[in-house]
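With the numbering used here applied, the sequence shown covers -10 to 84.
Idealized CB from N, CA, C, for every residue including glycine.
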Amino acid sequence: MVFHRKRTRPRSCARCGADLGGGGGPDGRAMTINANFDADIQQLHSYAKGRGIADCGVATTHAWTGEAFVLTDRAELSVCRGLSDDFSVTTLRSR
């Protein structure tokens, strides 16, 4: 994890039971993009945009269990056509 100005931004996670939305890093470990870790609720939020204007991509939320990050929410907007994130489709939501 990288600590920067009161924000904790996990750079990669070797023990993340699921894809963090950003693909693999050069060393093969899971990696996240545009991450923000909320230490109060122990959740890692990320958004991997499909292109620069961020009109498509994948948003994920992972919860820290004390041993690993577990995927709790995933939403996708697979078409890059200028749509807002209101058109994202929830593809996973845990209880």
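Following the DSSP letters along the chain, one finds Arg82 inside the beta strand (DSSP E) bounded by residues 78 to 82. Of all alpha-carbon atoms in Arg40, Gln31, Ala52, Arg18, the one lying nearest the alpha-carbon of Arg63 is that of Ala52. As DSSP reads the structure, Arg63 sits in a beta bridge with Thr49, Leu81.
Taking the C-beta atoms as reference points, Ala48 is found nearer than 9 Å to Asp74. Beyond the five residues adjoining it in sequence on each side, Thr79 comes within less than 8 Å, by CB distance, of Asp62, Arg63, Ala64 in the same chain, given in chain order.
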